Amino acid sequence: MIKLYIAARTKASLQGSGDVKSRVRDTLGISNARLPLARLTQLDGFFKARNAIVHDLDYKSPAGHGTARHPRTLGRVREQCDAALAVVAEIISETAADIRALSKAVERSSARDSEAIRIPVSGVAGRTGFLFG
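46 is the number of the first residue of the sequence shown in my numbering; add one for each residue after it.
Structure follows, in C-alpha coordinates:
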(Lines of atoms letter the chains of each structure in order from A and count residues from 1; the text may use other names and numbers.)
(Lines give C-alpha, C1' and ligand atoms only; values in the text may rest on other atoms or scores of the structure.)
Protein backbone atom coordinates (compact mmCIF):
# COMPACT_ATOMS: atom_id res chain seq x y z
CA MET A 1 0.00 0.00 0.00
CA ILE A 2 2.80 2.41 0.90
CA LYS A 3 4.62 1.62 -2.36
CA LEU A 4 1.47 2.36 -4.36
CA TYR A 5 0.98 5.65 -2.50
CA ILE A 6 4.57 6.72 -3.15
CA ALA A 7 4.33 5.67 -6.80
CA ALA A 8 1.15 7.73 -7.26
CA ARG A 9 2.80 10.80 -5.76
CA THR A 10 6.08 10.51 -7.64
CA LYS A 11 4.91 9.48 -11.12
CA ALA A 12 5.79 11.59 -14.17
CA SER A 13 6.59 15.28 -14.06
CA LEU A 14 4.23 17.82 -12.56
CA GLN A 15 1.91 19.19 -15.25
CA GLY A 16 0.22 22.06 -13.43
CA SER A 17 -0.92 23.60 -10.19
CA GLY A 18 -3.34 20.71 -9.61
CA ASP A 19 -0.39 18.31 -9.49
CA VAL A 20 1.53 20.61 -7.12
CA LYS A 21 -1.56 20.70 -4.88
CA SER A 22 -2.33 16.99 -4.82
CA ARG A 23 1.10 15.44 -5.22
CA VAL A 24 3.20 17.89 -3.19
CA ARG A 25 1.28 20.27 -0.90
CA ASP A 26 -1.45 17.85 0.20
CA THR A 27 0.92 14.88 0.45
CA LEU A 28 3.16 16.88 2.80
CA GLY A 29 0.13 17.89 4.88
CA ILE A 30 0.48 21.60 4.19
CA SER A 31 -2.95 23.19 4.59
CA ASN A 32 -4.65 25.51 2.14
CA ALA A 33 -4.47 28.21 4.81
CA ARG A 34 -0.67 27.97 4.87
CA LEU A 35 -0.18 27.66 1.10
CA PRO A 36 -3.38 28.68 -0.69
CA LEU A 37 -4.46 27.10 -3.96
CA ALA A 38 -4.57 30.62 -5.42
CA ARG A 39 -0.81 30.84 -4.82
CA LEU A 40 -0.31 27.58 -6.70
CA THR A 41 -2.55 28.55 -9.62
CA GLN A 42 -0.24 31.52 -10.20
CA LEU A 43 2.13 28.91 -11.63
CA ASP A 44 -0.24 27.77 -14.38
CA GLY A 45 1.41 30.10 -16.90
CA PHE A 46 4.79 28.63 -15.97
CA PHE A 47 3.49 25.09 -16.47
CA LYS A 48 1.79 26.00 -19.76
CA ALA A 49 5.06 27.44 -21.07
CA ARG A 50 7.08 24.51 -19.70
CA ASN A 51 4.79 21.96 -21.30
CA ALA A 52 4.82 23.82 -24.63
CA ILE A 53 8.62 24.02 -24.57
CA VAL A 54 8.92 20.31 -23.88
CA HIS A 55 6.51 19.47 -26.69
CA ASP A 56 8.30 21.89 -29.02
CA LEU A 57 11.57 20.13 -28.27
CA ASP A 58 9.96 16.77 -28.91
CA TYR A 59 8.19 17.57 -32.18
CA LYS A 60 9.50 20.74 -33.80
CA SER A 61 12.79 21.81 -35.26
CA PRO A 62 14.39 24.50 -33.09
CA ALA A 63 15.60 26.18 -36.30
CA GLY A 64 12.02 26.81 -37.41
CA HIS A 65 10.36 30.17 -36.86
CA GLY A 66 6.82 29.37 -37.99
CA THR A 67 3.60 30.30 -36.28
CA ALA A 68 3.70 27.11 -34.21
CA ARG A 69 6.65 28.43 -32.18
CA HIS A 70 6.00 30.64 -29.15
CA PRO A 71 8.60 33.34 -28.58
CA ARG A 72 9.22 34.14 -24.92
CA THR A 73 11.15 37.10 -23.64
CA LEU A 74 13.97 36.50 -21.21
CA GLY A 75 12.20 38.73 -18.68
CA ARG A 76 8.98 36.70 -18.83
CA VAL A 77 10.86 33.42 -18.53
CA ARG A 78 12.75 34.81 -15.53
CA GLU A 79 9.48 35.93 -13.87
CA GLN A 80 7.89 32.52 -14.33
CA CYS A 81 10.97 30.66 -13.07
CA ASP A 82 11.27 32.99 -10.07
CA ALA A 83 7.60 32.38 -9.23
CA ALA A 84 8.08 28.61 -9.45
CA LEU A 85 11.18 28.75 -7.25
CA ALA A 86 9.36 30.95 -4.72
CA VAL A 87 6.60 28.33 -4.37
CA VAL A 88 9.23 25.60 -3.98
CA ALA A 89 10.85 27.69 -1.22
CA GLU A 90 7.45 28.08 0.50
CA ILE A 91 6.83 24.34 0.33
CA ILE A 92 10.27 23.63 1.80
CA SER A 93 9.76 26.25 4.53
CA GLU A 94 6.33 24.88 5.52
CA THR A 95 7.64 21.30 5.51
CA ALA A 96 10.63 22.31 7.64
CA ALA A 97 8.28 24.02 10.12
CA ASP A 98 6.21 20.83 10.33
CA ILE A 99 9.32 18.72 10.92
CA ARG A 100 10.55 21.10 13.65
CA ALA A 101 7.12 21.00 15.34
CA LEU A 102 7.02 17.21 15.14
CA SER A 103 10.54 16.95 16.53
CA LYS A 104 9.63 19.18 19.49
CA ALA A 105 6.47 17.16 20.13
CA VAL A 106 8.48 13.92 20.12
CA GLU A 107 11.04 15.45 22.52
CA ARG A 108 8.27 16.60 24.89
CA SER A 109 6.61 13.19 24.69
CA SER A 110 9.91 11.43 25.36
CA ALA A 111 10.62 13.69 28.33
CA ARG A 112 7.18 12.96 29.81
CA ASP A 113 7.61 9.23 29.22
CA SER A 114 11.05 9.16 30.84
CA GLU A 115 9.77 11.07 33.87
CA ALA A 116 6.96 8.59 34.23
CA ILE A 117 9.42 5.72 34.54
CA ARG A 118 12.09 7.39 36.68
CA ILE A 119 12.98 5.04 39.49
CA PRO A 120 14.97 6.48 42.38
CA VAL A 121 18.12 4.53 43.21
CA SER A 122 20.48 5.04 46.04
CA GLY A 123 23.56 3.04 46.75
CA VAL A 124 22.89 0.46 44.02
CA ALA A 125 26.33 -0.39 42.70
CA GLY A 126 27.51 2.97 44.01
CA ARG A 127 24.89 4.94 42.05
CA THR A 128 22.67 7.73 43.21
CA GLY A 129 19.99 9.53 41.23
CA PHE A 130 17.45 7.87 38.99
CA LEU A 131 17.34 4.71 36.96
CA PHE A 132 15.96 5.41 33.43
CA GLY A 133 16.35 9.13 33.58
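Think of the CB as a built atom: it goes at the ideal place given N, C-alpha and C, for glycine as much as any other residue.
Being a predicted model, the structure only gives us computed values, none of them experimental.
Taking each of T118, R121, Q60, V133 in turn and checking the Cα distance to H100, the smallest one comes out for Q60. Taking the Cα positions, R68 is about 8 Å away from A53.
Looking only at A57, V65, T72, A129, the smallest Cα-Cα distance to I47 is reached by T72. Around the CB of L88, 16 or more other CB atoms lie within 10 Å, so the residue is classed as buried. Scanning its chain for C-beta atoms nearer than 8 Å, with the 5 sequence neighbours on each side dropped, one finds around R79 the residues E139, in chain order. By the criterion of a C-beta distance shorter than 7 Å, A129 is surrounded in its chain by L88, F91, once the five residues flanking it on both sides are discounted. From the listed residues R84, V122, A156, the smallest Cα separation to K93 is found for V122.
Per DSSP, I47 is one residue of the alpha helix (DSSP H) stretching across 47–55. For R145, the secondary structure class from DSSP, reduced to helix, strand or coil, is helix. With respect to the 7 Å criterion, K66 and L49 are not classified as neighbours on the basis of their beta carbons. Between S155 and D64, the alpha-carbon positions lie close to 37 Å from each other. Under the three-state reduction of DSSP, R95 is assigned to helix. In the three-state scheme derived from DSSP, where H, G and I count as helix and E and B as strand, G74 is classed as coil.
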